[in-house]
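*Asks:* Below you will find the structure I want to go over with you.
In our numbering, the protein residues as written are 28 to 373.
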(Lines of atoms letter the chains of each structure in order from A; the text may use other names.)
(Lines give C-alpha, C1' and ligand atoms only; values in the text may rest on other atoms or scores of the structure.)
Protein backbone atom coordinates (compact mmCIF):
# COMPACT_ATOMS: atom_id res chain seq x y z
CA UNK A 28 0.00 0.00 0.00
CA UNK A 29 1.49 3.26 -1.11
CA UNK A 30 1.24 6.56 0.73
CA UNK A 31 -2.01 8.48 -0.15
CA UNK A 32 -1.67 11.68 -2.14
CA UNK A 33 -3.33 14.94 -0.94
CA UNK A 34 -6.18 16.18 -3.17
CA UNK A 35 -5.39 19.02 -5.52
CA UNK A 36 -6.84 22.40 -4.39
CA UNK A 37 -9.71 23.52 -6.68
CA UNK A 38 -9.48 26.57 -8.94
CA UNK A 39 -11.56 28.97 -6.80
CA UNK A 40 -11.21 31.82 -9.34
CA UNK A 41 -12.70 29.65 -12.06
CA UNK A 42 -15.42 28.52 -9.65
CA UNK A 43 -16.23 32.14 -8.72
CA UNK A 44 -16.36 33.12 -12.40
CA UNK A 45 -18.64 30.22 -13.17
CA UNK A 46 -20.81 31.17 -10.18
CA UNK A 47 -21.06 34.78 -11.46
CA UNK A 48 -22.14 33.58 -14.90
CA UNK A 49 -24.76 31.39 -13.25
CA UNK A 50 -26.00 34.34 -11.14
CA UNK A 51 -26.26 36.57 -14.23
CA UNK A 52 -28.20 33.93 -16.15
CA UNK A 53 -30.52 33.49 -13.18
CA UNK A 54 -31.13 37.28 -12.95
CA UNK A 55 -31.89 37.54 -16.68
CA UNK A 56 -34.26 34.59 -16.54
CA UNK A 57 -36.03 36.04 -13.48
CA UNK A 58 -36.38 39.42 -15.24
CA UNK A 59 -37.93 37.83 -18.33
CA UNK A 60 -40.26 35.76 -16.19
CA UNK A 61 -41.65 38.82 -14.35
CA UNK A 62 -42.15 41.04 -17.43
CA UNK A 63 -45.09 39.50 -19.32
CA UNK A 64 -46.90 41.54 -21.94
CA UNK A 65 -50.36 42.73 -20.78
CA UNK A 66 -53.48 43.52 -22.80
CA UNK A 67 -56.56 45.26 -21.29
CA UNK A 68 -59.72 47.04 -22.48
CA UNK A 69 -57.98 50.45 -22.36
CA UNK A 70 -54.71 49.43 -24.03
CA UNK A 71 -51.69 47.20 -23.76
CA UNK A 72 -48.28 47.09 -22.09
CA UNK A 73 -45.44 45.38 -23.97
CA UNK A 74 -41.76 44.84 -23.18
CA UNK A 75 -38.99 44.88 -25.81
CA UNK A 76 -35.29 44.14 -25.40
CA UNK A 77 -32.52 46.00 -27.23
CA UNK A 78 -29.41 43.84 -27.36
CA UNK A 79 -27.54 46.27 -29.61
CA UNK A 80 -27.90 49.09 -27.11
CA UNK A 81 -27.41 46.85 -24.07
CA UNK A 82 -24.40 46.45 -21.80
CA UNK A 83 -21.69 43.98 -22.81
CA UNK A 84 -19.84 42.19 -20.03
CA UNK A 85 -16.13 41.34 -20.25
CA UNK A 86 -16.96 37.73 -21.11
CA UNK A 87 -19.09 38.90 -24.05
CA UNK A 88 -22.47 38.44 -22.37
CA UNK A 89 -24.93 41.20 -23.36
CA UNK A 90 -27.47 42.55 -20.85
CA UNK A 91 -30.27 43.97 -23.04
CA UNK A 92 -31.89 47.37 -22.43
CA UNK A 93 -35.56 46.82 -21.55
CA UNK A 94 -38.25 49.19 -22.87
CA UNK A 95 -41.87 49.17 -21.54
CA UNK A 96 -44.34 50.53 -24.14
CA UNK A 97 -47.94 51.53 -23.26
CA UNK A 98 -50.33 51.57 -26.21
CA UNK A 99 -53.82 53.07 -25.81
CA UNK A 100 -56.88 51.47 -27.33
CA UNK A 101 -58.40 53.37 -30.29
CA UNK A 102 -61.16 54.83 -28.10
CA UNK A 103 -58.73 55.91 -25.37
CA UNK A 104 -56.30 57.29 -27.94
CA UNK A 105 -59.11 59.37 -29.43
CA UNK A 106 -60.01 60.72 -25.97
CA UNK A 107 -56.37 61.47 -25.28
CA UNK A 108 -55.97 63.42 -28.54
CA UNK A 109 -59.23 65.33 -27.98
CA UNK A 110 -58.21 66.22 -24.44
CA UNK A 111 -54.89 67.58 -25.69
CA UNK A 112 -56.71 69.70 -28.27
CA UNK A 113 -59.13 71.03 -25.64
CA UNK A 114 -56.28 71.74 -23.22
CA UNK A 115 -54.41 73.63 -25.93
CA UNK A 116 -57.49 75.73 -26.75
CA UNK A 117 -58.17 76.44 -23.08
CA UNK A 118 -54.56 77.37 -22.47
CA UNK A 119 -54.72 79.79 -25.39
CA UNK A 120 -57.89 81.31 -23.94
CA UNK A 121 -56.29 81.51 -20.50
CA UNK A 122 -53.26 83.19 -22.02
CA UNK A 123 -55.50 85.86 -23.50
CA UNK A 124 -57.22 86.28 -20.10
CA UNK A 125 -54.02 87.09 -18.23
CA UNK A 126 -54.43 90.73 -19.22
CA UNK A 127 -57.83 90.86 -17.50
CA UNK A 128 -56.30 89.32 -14.39
CA UNK A 129 -53.51 91.92 -14.39
CA UNK A 130 -56.05 94.73 -14.71
CA UNK A 131 -58.24 93.32 -11.93
CA UNK A 132 -55.26 92.80 -9.62
CA UNK A 133 -54.05 96.36 -10.14
CA UNK A 134 -57.51 97.83 -9.53
CA UNK A 135 -58.53 98.26 -5.87
CA UNK A 136 -61.82 96.78 -4.81
CA UNK A 137 -64.59 99.32 -5.36
CA UNK A 138 -66.58 99.67 -2.12
CA UNK A 139 -68.13 103.05 -2.85
CA UNK A 140 -71.58 101.51 -3.11
CA UNK A 141 -71.27 99.52 0.11
CA UNK A 142 -73.16 100.79 3.18
CA UNK A 143 -71.09 102.54 5.81
CA UNK A 144 -70.03 100.50 8.80
CA UNK A 145 -72.43 101.09 11.69
CA UNK A 146 -71.27 101.24 15.26
CA UNK A 147 -73.22 100.25 18.32
CA UNK A 148 -76.23 102.46 19.04
CA UNK A 149 -75.90 104.99 21.83
CA UNK A 150 -77.12 103.67 25.16
CA UNK A 151 -80.48 105.17 26.12
CA UNK A 152 -80.71 106.91 29.47
CA UNK A 153 -82.56 104.51 31.72
CA UNK A 154 -84.60 105.65 34.70
CA UNK A 155 -82.65 104.63 37.76
CA UNK A 156 -85.27 105.71 40.34
CA UNK A 157 -89.01 106.31 40.49
CA UNK A 158 -90.48 109.79 40.31
CA UNK A 159 -92.31 110.24 43.63
CA UNK A 160 -92.63 114.01 43.42
CA UNK A 161 -96.40 113.79 42.85
CA UNK A 162 -97.02 111.68 45.96
CA UNK A 163 -98.01 113.06 49.34
CA UNK A 164 -95.98 112.59 52.46
CA UNK A 165 -95.84 109.14 53.98
CA UNK A 166 -98.56 108.99 56.69
CA UNK A 167 -97.41 108.28 60.24
CA UNK A 168 -99.11 107.02 63.36
CA UNK A 169 -99.40 110.57 64.76
CA UNK A 170 -101.30 111.89 61.75
CA UNK A 171 -105.04 112.65 61.90
CA UNK A 172 -104.90 113.28 65.68
CA UNK A 173 -107.06 116.39 65.21
CA UNK A 174 -109.71 114.37 63.39
CA UNK A 175 -109.58 111.81 66.19
CA UNK A 176 -110.10 114.51 68.82
CA UNK A 177 -112.91 116.05 66.79
CA UNK A 178 -114.80 112.77 66.69
CA UNK A 179 -114.15 112.12 70.38
CA UNK A 180 -115.23 115.65 71.40
CA UNK A 181 -118.31 115.51 69.17
CA UNK A 182 -119.46 112.28 70.80
CA UNK A 183 -118.74 113.60 74.29
CA UNK A 184 -120.61 116.81 73.54
CA UNK A 185 -123.57 114.74 72.41
CA UNK A 186 -123.74 112.57 75.55
CA UNK A 187 -122.66 115.18 78.09
CA UNK A 188 -126.22 116.64 78.58
CA UNK A 189 -127.51 113.16 79.34
CA UNK A 190 -124.69 112.60 81.80
CA UNK A 191 -125.46 115.88 83.58
CA UNK A 192 -129.18 115.08 83.67
CA UNK A 193 -128.61 111.59 85.02
CA UNK A 194 -126.14 112.88 87.63
CA UNK A 195 -128.64 115.47 88.88
CA UNK A 196 -131.36 112.84 89.04
CA UNK A 197 -129.05 110.51 90.99
CA UNK A 198 -128.14 113.26 93.50
CA UNK A 199 -131.81 114.09 94.03
CA UNK A 200 -132.66 110.42 94.47
CA UNK A 201 -129.89 109.82 96.98
CA UNK A 202 -130.83 112.99 98.93
CA UNK A 203 -134.48 111.88 99.09
CA UNK A 204 -133.31 108.51 100.42
CA UNK A 205 -131.46 110.33 103.17
CA UNK A 206 -128.06 109.16 102.05
CA UNK A 207 -125.58 111.82 103.00
CA UNK A 208 -122.52 112.72 100.98
CA UNK A 209 -119.64 110.47 101.97
CA UNK A 210 -121.82 107.65 103.21
CA UNK A 211 -120.97 104.16 102.05
CA UNK A 212 -124.29 103.54 100.35
CA UNK A 213 -124.10 106.85 98.49
CA UNK A 214 -120.51 106.17 97.44
CA UNK A 215 -121.57 102.81 95.93
CA UNK A 216 -124.27 104.37 93.83
CA UNK A 217 -122.02 107.25 92.71
CA UNK A 218 -119.18 104.81 91.83
CA UNK A 219 -121.56 102.76 89.71
CA UNK A 220 -122.73 105.91 87.92
CA UNK A 221 -119.14 107.12 87.35
CA UNK A 222 -118.19 103.74 85.87
CA UNK A 223 -120.96 104.08 83.34
CA UNK A 224 -119.84 107.62 82.48
CA UNK A 225 -116.25 106.40 82.07
CA UNK A 226 -117.40 103.61 79.72
CA UNK A 227 -119.18 106.18 77.57
CA UNK A 228 -116.04 108.34 77.44
CA UNK A 229 -113.91 105.30 76.48
CA UNK A 230 -116.37 104.48 73.72
CA UNK A 231 -116.04 108.05 72.41
CA UNK A 232 -112.23 107.85 72.52
CA UNK A 233 -112.33 104.44 70.75
CA UNK A 234 -114.56 105.86 68.03
CA UNK A 235 -112.09 108.74 67.55
CA UNK A 236 -109.17 106.29 67.34
CA UNK A 237 -111.04 104.17 64.79
CA UNK A 238 -111.66 107.26 62.68
CA UNK A 239 -107.93 108.11 62.92
CA UNK A 240 -107.03 104.55 61.82
CA UNK A 241 -109.46 104.73 58.91
CA UNK A 242 -108.04 108.03 57.73
CA UNK A 243 -104.46 106.63 58.10
CA UNK A 244 -105.31 103.55 56.04
CA UNK A 245 -106.97 105.68 53.37
CA UNK A 246 -103.91 107.90 53.15
CA UNK A 247 -101.59 104.88 53.06
CA UNK A 248 -103.69 103.27 50.32
CA UNK A 249 -103.59 106.47 48.25
CA UNK A 250 -99.81 106.62 48.62
CA UNK A 251 -99.39 102.94 47.72
CA UNK A 252 -101.50 103.44 44.63
CA UNK A 253 -99.46 106.49 43.67
CA UNK A 254 -96.22 104.57 44.26
CA UNK A 255 -97.48 101.68 42.12
CA UNK A 256 -98.38 104.05 39.31
CA UNK A 257 -94.97 105.73 39.54
CA UNK A 258 -93.28 102.31 39.44
CA UNK A 259 -95.29 101.30 36.38
CA UNK A 260 -94.39 104.55 34.66
CA UNK A 261 -90.70 104.01 35.45
CA UNK A 262 -90.78 100.40 34.23
CA UNK A 263 -92.62 101.42 31.08
CA UNK A 264 -90.03 104.11 30.38
CA UNK A 265 -87.18 101.61 30.88
CA UNK A 266 -88.85 99.03 28.65
CA UNK A 267 -89.39 101.66 25.99
CA UNK A 268 -85.72 102.67 26.25
CA UNK A 269 -84.68 99.00 26.04
CA UNK A 270 -86.86 98.46 22.97
CA UNK A 271 -85.40 101.56 21.35
CA UNK A 272 -81.86 100.32 22.00
CA UNK A 273 -82.73 96.86 20.64
CA UNK A 274 -84.18 98.34 17.47
CA UNK A 275 -81.08 100.46 16.98
CA UNK A 276 -78.84 97.44 17.54
CA UNK A 277 -80.82 95.30 15.09
CA UNK A 278 -80.69 98.07 12.50
CA UNK A 279 -76.92 98.40 12.97
CA UNK A 280 -76.42 94.65 12.59
CA UNK A 281 -78.54 94.50 9.44
CA UNK A 282 -76.59 97.41 7.98
CA UNK A 283 -73.26 95.71 8.75
CA UNK A 284 -74.51 92.46 7.21
CA UNK A 285 -75.51 94.36 4.09
CA UNK A 286 -72.03 95.95 4.03
CA UNK A 287 -70.37 92.55 4.39
CA UNK A 288 -72.47 91.16 1.55
CA UNK A 289 -71.59 94.15 -0.62
CA UNK A 290 -67.86 93.67 0.09
CA UNK A 291 -68.09 89.97 -0.76
CA UNK A 292 -69.82 90.75 -4.03
CA UNK A 293 -67.21 93.38 -4.87
CA UNK A 294 -64.42 90.87 -4.20
CA UNK A 295 -66.25 88.27 -6.29
CA UNK A 296 -66.47 90.53 -9.33
CA UNK A 297 -62.86 91.63 -8.89
CA UNK A 298 -61.60 88.04 -8.65
CA UNK A 299 -63.87 86.71 -11.39
CA UNK A 300 -61.17 86.94 -14.12
CA UNK A 301 -58.74 85.06 -11.88
CA UNK A 302 -61.34 82.42 -11.04
CA UNK A 303 -62.13 81.95 -14.71
CA UNK A 304 -58.42 81.64 -15.49
CA UNK A 305 -57.99 78.99 -12.80
CA UNK A 306 -61.05 77.16 -14.10
CA UNK A 307 -59.57 77.14 -17.60
CA UNK A 308 -56.23 75.87 -16.31
CA UNK A 309 -57.81 72.89 -14.57
CA UNK A 310 -59.78 70.09 -16.14
CA UNK A 311 -60.20 66.38 -16.27
CA UNK A 312 -57.21 64.57 -17.70
CA UNK A 313 -57.37 61.26 -19.55
CA UNK A 314 -55.71 58.73 -17.27
CA UNK A 315 -53.31 56.13 -18.55
CA UNK A 316 -54.55 52.53 -18.43
CA UNK A 317 -53.72 50.77 -15.21
CA UNK A 318 -52.16 47.30 -15.43
CA UNK A 319 -52.07 44.91 -12.55
CA UNK A 320 -48.92 43.33 -11.23
CA UNK A 321 -48.94 39.97 -12.98
CA UNK A 322 -45.38 39.05 -12.09
CA UNK A 323 -45.15 35.72 -10.31
CA UNK A 324 -42.55 37.00 -7.92
CA UNK A 325 -40.60 33.84 -8.54
CA UNK A 326 -36.83 33.92 -8.74
CA UNK A 327 -34.74 31.38 -10.65
CA UNK A 328 -31.94 30.32 -8.34
CA UNK A 329 -28.50 29.97 -9.93
CA UNK A 330 -26.62 26.69 -9.74
CA UNK A 331 -24.39 26.65 -6.59
CA UNK A 332 -21.18 26.05 -8.55
CA UNK A 333 -18.83 27.71 -6.08
CA UNK A 334 -20.36 25.96 -3.08
CA UNK A 335 -20.36 22.60 -4.87
CA UNK A 336 -16.69 23.00 -5.80
CA UNK A 337 -15.81 23.81 -2.20
CA UNK A 338 -17.89 20.91 -0.85
CA UNK A 339 -16.20 18.49 -3.30
CA UNK A 340 -12.76 19.65 -2.19
CA UNK A 341 -13.70 19.24 1.48
CA UNK A 342 -14.95 15.71 0.81
CA UNK A 343 -11.70 14.80 -0.99
CA UNK A 344 -9.71 16.30 1.86
CA UNK A 345 -11.60 14.27 4.45
CA UNK A 346 -11.04 11.08 2.41
CA UNK A 347 -7.34 11.87 2.23
CA UNK A 348 -7.18 12.39 5.99
CA UNK A 349 -8.90 9.04 6.54
CA UNK A 350 -6.45 7.28 4.26
CA UNK A 351 -3.52 8.93 6.02
CA UNK A 352 -4.84 7.71 9.33
CA UNK A 353 -5.01 4.12 8.00
CA UNK A 354 -1.57 4.41 6.50
CA UNK A 355 -0.15 5.62 9.79
CA UNK A 356 -1.75 2.68 11.62
CA UNK A 357 -0.22 0.23 9.19
CA UNK A 358 3.24 1.65 9.70
CA UNK A 359 2.80 1.49 13.45
CA UNK A 360 1.84 -2.21 13.27
CA UNK A 361 4.83 -3.08 11.17
CA UNK A 362 7.10 -1.31 13.63
CA UNK A 363 5.74 -3.36 16.53
CA UNK A 364 6.31 -6.64 14.71
CA UNK A 365 9.91 -5.72 13.94
CA UNK A 366 10.66 -4.84 17.52
CA UNK A 367 9.28 -8.14 18.76
CA UNK A 368 11.41 -10.09 16.32
CA UNK A 369 14.57 -8.32 17.40
CA UNK A 370 13.92 -9.13 21.02
CA UNK A 371 13.29 -12.78 20.21
CA UNK A 372 16.31 -13.39 18.01
CA UNK A 373 18.67 -10.96 19.48
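By construction, the Cβ of each residue, glycine as well, lies at the ideal position given by its N, Cα and C atoms.
Per the contact definition of three or more C-beta pairs closer than 8 Å, is the stretch 91–111 in contact with the stretch 63–73?
*Replies:* Segments in contact, yes.
*Asks:* So, at 7 Å on beta carbons, what are the nonlocal neighbours of residue 51 in its own chain, with the 5 sequence-adjacent residues on each side left out?
*Replies:* Position 24 of the chain shown, counted from the start, is the residue given in the question as residue 51. Result list for residue 51: 88, in chain order.
*Asks:* On a CA-only basis, which of 31, 49 and 32 is nearest residue 335? Give me that one, please.
*Replies:* Position 308 of the chain shown, counted from the start, is the residue given in the question as residue 335. It is 49.
*Asks:* Could you tell me the alpha carbon to alpha carbon distance between residue 205 and residue 188, rounded to whole angstroms?
*Replies:* Numbered from its first residue, the chain shown carries residue 205 at position 178. Numbered from its first residue, the chain shown carries residue 188 at position 161. One C-alpha to the other measures close to 26 Å.
*Asks:* Given residue 210, which residues of its chain have a CB within under 8 Å of its CB, disregarding the five upstream and five downstream residues?
*Replies:* Walking along the chain shown from the start, residue 210 turns up at place 183. Excluding positions up to five away in sequence, the list is empty.
*Asks:* Using only CA atoms, which one of 197, 171 and 225 lies nearest to residue 217?
*Replies:* For the purposes of this step, residue 217 is taken as residue 190 along the chain shown, with counting starting at 1. It is 197.
*Asks:* On the criterion of 16 or more Cβ atoms from any shown chain inside 10 Å, does residue 175 qualify as buried, or is it exposed?
*Replies:* Position 148 of the chain shown, counting from 1, holds the residue named residue 175. Under a 10 Å Cβ-count criterion, residue 175 is classified as buried, with 16 or more other Cβ atoms of the shown protein chains found around its own Cβ.
*Asks:* Near residue 232, which residues of its chain fall below 8 Å by C-beta distance, leaving aside the five closest residues on each side in sequence?
*Replies:* Counted from its first residue, the chain shown places residue 232 at position 205. Correct list, in chain order: 179.
*Asks:* DSSP three-state call for residue 139: helix, strand or coil?
*Replies:* As a first step, residue 139 is located in the chain shown; it is residue number 112 there, counting from the start. Three-state result, residue 139: coil.
*Asks:* Which one or two residues does DSSP pair with residue 72 in a beta bridge?
*Replies:* Position 45 of the chain shown, counted from the start, is the residue given in the question as residue 72. Per DSSP, 65 and 97.
*Asks:* Taking Cβ to Cβ, would you say residue 69 is nearer than 8 Å to residue 100?
*Replies:* Mapped onto the chain shown, residue 69 falls at position 42. Mapped onto the chain shown, residue 100 falls at position 73. Yes, these two residues count as a Cβ contact at 8 Å.
*Asks:* Go ahead and pull the three-state DSSP assignment for residue 81.
*Replies:* Walking along the chain shown from the start, residue 81 turns up at place 54. In this structure, residue 81 counts as strand in the three-state DSSP scheme.
*Asks:* CB residue 254 to CB residue 166, shorter than 8 Å?
*Replies:* Numbered from 1 along the chain shown, position 227 holds the residue referred to as residue 254. Numbered from 1 along the chain shown, position 139 holds the residue referred to as residue 166. No, the Cβ-Cβ distance between residue 254 and residue 166 is not below 8 Å.
*Asks:* Considering residue 197, what are the terminal residues of the alpha helix (DSSP H) in which it resides?
*Replies:* Working through the chain shown from its first residue, we reach residue 197 at position 170. That run of the alpha helix (DSSP H) goes 172–203.
*Asks:* Excluding the 5 residues flanking residue 36 on each side, which residues of the same chain have their C-beta closer than 6 Å to its C-beta?
*Replies:* Taking the chain shown and counting its residues from 1, the one referred to as residue 36 is at position 9. Cβ neighbours of residue 36 beyond the five flanking positions: none.
*Asks:* Are residue 91 and residue 108 close, meaning C-beta to C-beta below 8 Å?
*Replies:* Residue numbering aside, residue 91 sits at position 64 when the chain shown is read from its first letter. Residue numbering aside, residue 108 sits at position 81 when the chain shown is read from its first letter. No; because the gap between Cβ atoms is not below 8 Å, this pair is not in contact.
*Asks:* Exposed or buried, what is residue 239 when buried is set at 16 or more other beta-carbons lying within 10 Å of its beta-carbon?
*Replies:* Here residue 239 refers to the residue found at position 212 when the chain shown is read from its first residue. So residue 239 ends up on the buried side.
*Asks:* List the DSSP bridge partners of residue 90.
*Replies:* Within the chain shown, numbered from 1, the residue matching residue 90 stands at position 63. Note: residue 90 sits in a beta bridge opposite 82.
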